[in-house]
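Written below as structure tokens is the structure these notes are about.
Numbering (the working numbering), first residue to last: -19 to 39.
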């Protein structure tokens, strides 16, 4: 049995990674697979986020 796009049942869609897509983040990547796109970004700071300070969460 094959899928409509020709892949076999155990074959995954191709995955691609494009780094540095968010210019103001310390690190970022665009992950693409099929028609799905996900942007993941990270920022590094020497401070505790306001929500953690407000809830007295240790970090």
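Backbone N, C-alpha and C define an ideal beta-carbon position, used for all residues, glycine too.
Element boundaries [beta strand (DSSP E), containing residue i]
i	result
residue 22	16 to 22
residue 12	7 to 13
Beta bridge counterpart(s) of residue i as assigned by DSSP
i	result
residue -8	Residue -8 pairs with nothing; no bridge assigned.
Neighbourhood of residue i by C-beta distance below 6 Å, restricted to the same chain and skipping five residues each side
i	result
residue 10	-2, 1, 19
residue 23	5, 6
Contact check, residue i vs residue j, beta carbons under 8 Å
i	j	result
residue 8	residue -4	no
residue 13	residue -16	no
Residues near residue i in its chain [Cβ-Cβ closer than 7 Å; skip 5 each side]
i	result
residue -19	-11
Distance cut-off 7 Å: residue i Cβ against heavy atoms of the ligand NAD
i	result
residue -5	Of ligands this structure carries none, so the ligand NAD is not represented either.
Residues of its chain near residue i, where Cβ-Cβ distance is below 8 Å and the 5 sequence neighbours each way are ignored
i	result
residue -13	-7
residue 36	none
residue 17	10, 11
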